[in-house]
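Numbering (mature numbering (1 follows the signal peptide of the UniProt record, and there is no 0)), first residue to last: -18 to -1, 1 to 504. Note that the Cβ used here is the ideal one computed from N, Cα and C, for glycine as well. For clarity, every value in this text was computed on a predicted model and none was experimentally measured. Working notes, structure below.
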């Protein structure tokens, strides 16, 4: 009876404060010839693990594809030999297929697209012959068309590559001087997509053009955001089009410089009428929360003073927009804010141009081939930067902000710029989690009352094992439906002193939520 009472109390506390559950673990022996791992959610079809090796044979290197089922059990494996000069530029999952974009490191004209079909258990390869030499910074897939965005001779371009027809279509209204590709968004209808690019208006202020195309790259509509004088639109992401209505959201700055002053929301009505709202950071409830109570109030006053005619306010910060979730009565915008160190205005403009403002794991952060993680870090965009807070905003369909929630991070990172944590939406509630220093930390952002984040260790494969150490330079986290996938490299030892350490690559599936029941409690 005492044990039952204890378990009941634990369940009540867990329900009230949110909880973490172990939903499975996969291990693979880590070998020295392994170059890199990628873990990709294939949604209801499982998890795709991609593993490349250092060894080169006959001008190529092996890449292993492993499909795991919903229990993280081995389902299917296949190996593909890839030319040694190709490296991964991006990937995209769609309807049971993962599309990989590879590009020659010495010749930007050479591009290969590999499709791993986990439903049919097969691999296809495509090599577009009509594609011009370009620096690829964006990669998306719609229907059976690959969308490649980037730059040719420092001008933005976007191409639609029809895979089965082996045909490349150049998108109209993108190739402009002094312009940048900000966002490529696949619309909810699954047959159209939006391309956002910057341009200078008649006032010489930076604004954004919004172009919509069908899945073959044919233009459907376009318009330019109308801005106030001296207001610069620094970034932008778009929603889908609903009954001709659409929203564009991003950061704006007052006067010149690359640091933002606040958020803007542009709503286009069915009749094409634009409603542009500029929202200083100081008007948001929790944007400055990470600064502490006193500093937060000070920054809020400075921000609001600018709106009322005071000195222009700019805040040295930038954002990785990670996901936009479109629901019937709201739009959720989720992202992580970070502060780059020792960067000039010119540097920040260039970095914003080359790095995706909308971070969807399609950046060239993991490269196959003979480049080690150390070499990639030496070529990274930032030397170091600081993540300040995870941030969620809820918008009504007319563009009105309903609420904002923040979670302080305060994490200094060296190396490549990529998201530090991950958001999950479960039963309408928003959670944020990250994995660092052998601990899984998660926070219920939309809880009715503010609580301390929950911190837990990951489960090992067996109860008689203990964690000896972990590779601090290699770890990751991503969402998998309403779960998290956490992975890395660990040294594990059994409690039997006669048994040696095991060095393994691991993937743990973790579930969080106020109503989750751990698997080991009946």
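What is the rounded straight-line gap between the Cα of residue 66 and the Cα of residue 373?
Here residue 66 corresponds to residue number 84 of the chain shown, with the count starting at 1. Here residue 373 corresponds to residue number 391 of the chain shown, with the count starting at 1. Computed Cα separation, rounded: 40 Å.
For residue 280, which of helix, strand or coil comes out of DSSP?
Stepping through the chain shown from its first residue, residue 280 is reached at position 298. It is helical.
Residue 493: buried (16+ other C-beta within 10 angstroms of its C-beta) or exposed?
Within the chain shown, the letter at position 511 stands for residue 493. Its Cβ being crowded by 16 or more others within 10 Å, residue 493 is buried.
Name the one or two DSSP bridge partners that residue 44 has.
Locating residue 44 in the chain shown gives position 62, counting from the first residue. 63.
Whole angstroms is fine: what's the gap from residue 158's alpha carbon to residue 250's?
By one-based count along the chain shown, residue 158 stands at place 176. By one-based count along the chain shown, residue 250 stands at place 268. Going by the C-alpha atoms only, they are around 24 Å apart.
CA nearest to the CA of residue 241, picked from 88, 12, 262, 184:
Along the chain shown, one-based indexing puts residue 241 at 259. Of the candidates 88, 12, 262, 184, the one whose C-alpha sits nearest the C-alpha of residue 241 is 262.
To which residues does DSSP link residue 367 through a beta bridge?
By 1-based counting over the chain shown, the position of residue 367 is 385. Beta-bridge pairing links residue 367 to 322, 395.
Is it the case that the Cβ atoms of residue 306 and residue 221 are separated by a distance below 8 Å?
Residue 306 sits at position 324 when you count from the first residue of the chain shown. Residue 221 sits at position 239 when you count from the first residue of the chain shown. Taking 8 Å as the Cβ cut-off, residue 306 and residue 221 qualify as a contacting pair.
Cβ-Cβ separation, residue 377 to residue 315 (assumed contact under 8 Å), whole Å
Here residue 315 is taken as the residue at index 333 of the chain shown, counted from 1. Here residue 377 is taken as the residue at index 395 of the chain shown, counted from 1. Confirmed, Cβ separation roughly 7 Å.
Over what stretch of residues does the beta strand (DSSP E) that includes residue 116 continue unbroken?
Within the chain shown, numbered from 1, the residue matching residue 116 stands at position 134. From DSSP, residue 116 is part of no beta strand (DSSP E); its letter is neither H nor E.
Please classify residue 296 as buried or exposed, where buried requires at least 16 other C-beta atoms within 10 Å of its C-beta.
Position 314 of the chain shown, counting from 1, holds the residue named residue 296. When all chains shown are included, residue 296 counts as buried.
What residue from 495, 436, 395, 421 has the CA that sits closest to residue 442's CA?
Reading the chain shown from its first residue, position 460 is the one you call residue 442. Nearest C-alpha to residue 442: 421.
At what residue ranges does the segment 208 to 290 contain a whole run of the beta strand (DSSP E), taking only runs of 3 or more?
213 to 215, 228 to 236, 244 to 250, 256 to 262
Could you check whether the segment 460 to 468 touches the segment 406 to 415, counting it as contact only if at least three pairs of C-beta atoms, one from each stretch, sit closer than 8 Å?
A contact exists between the segment 460 to 468 and the segment 406 to 415.
Identified DSSP bridge partners for residue 167
The residue you call residue 167 lines up with position 185 of the chain shown. DSSP output for residue 167 lists 176 as bridge partner(s).
Using three-state DSSP, classify residue 25 as helix, strand or coil.
In the chain shown, counting from the first residue as 1, residue 25 sits at position 43. Of the three classes helix, strand and coil, the one that applies to residue 25 here is helix, per DSSP.
Quick check on the DSSP output: the beta strand (DSSP E) that includes residue 94 runs from which residue to which?
Taking the first residue of the chain shown as position 1, residue 94 is located at position 112. It spans 93 to 99 - the beta strand (DSSP E) in which residue 94 sits, taken as one unbroken run.
When the Cα atoms are used, what is the spatial distance from residue 389 to residue 450?
Taking the chain shown and counting its residues from 1, the one referred to as residue 389 is at position 407. Taking the chain shown and counting its residues from 1, the one referred to as residue 450 is at position 468. Here the C-alpha atom of residue 389 lies approximately 30 Å from the C-alpha atom of residue 450.
Three-pair Cβ contact test at 8 Å for the segment 73 to 84 versus the segment 49 to 56:
Using a C-beta cut-off of 8 Å, the segment 73 to 84 makes no contact with the segment 49 to 56, since fewer than three inter-stretch Cβ pairs fall below that distance.
Let's see if you can read the secondary structure: which residues bound the beta strand (DSSP E) around residue 493?
Translated into positions along the chain shown, residue 493 becomes position 511. Residues 484 to 495.
Considering only the alpha carbon of each residue, which of 161, 395, 380, 210 lies closest to residue 308?
Here residue 308 corresponds to residue number 326 of the chain shown, with the count starting at 1. Residue 380 is the option with its Cα nearest to residue 308.
Rounded to whole angstroms, how far is the Cβ of residue 100 from the Cβ of residue 467, which I believe are closer than 8 Å?
The count along the chain shown starts at 1 and reaches residue 100 at position 118. The count along the chain shown starts at 1 and reaches residue 467 at position 485. Not quite, the Cβ-Cβ distance comes to about 16 Å (not below 8 Å), so this is no contact.
What does the Cβ neighbour count give for residue 318, buried or exposed, with the cut at 16 atoms within 10 Å?
Working through the chain shown from its first residue, we reach residue 318 at position 336. Buried: at least 16 other Cβ atoms inside 10 Å.
When DSSP labels each residue in this structure, what does residue 18 get in the three-state scheme?
Locating residue 18 in the chain shown gives position 36, counting from the first residue. Residue 18 falls in the strand class under three-state DSSP.
Using the Cα positions of residue 97 and residue 198, report the straight-line distance between them to the nearest angstrom.
Residue numbering aside, residue 97 sits at position 115 when the chain shown is read from its first letter. Residue numbering aside, residue 198 sits at position 216 when the chain shown is read from its first letter. Going by the C-alpha atoms only, they are around 19 Å apart.
Going by other Cβ atoms of all chains shown within 10 Å of its Cβ, with 16 needed for buried, is residue 161 buried or exposed?
Sequence index remark: in the chain shown, residue 161 carries index 179 (1-based). Label assigned to residue 161: buried.
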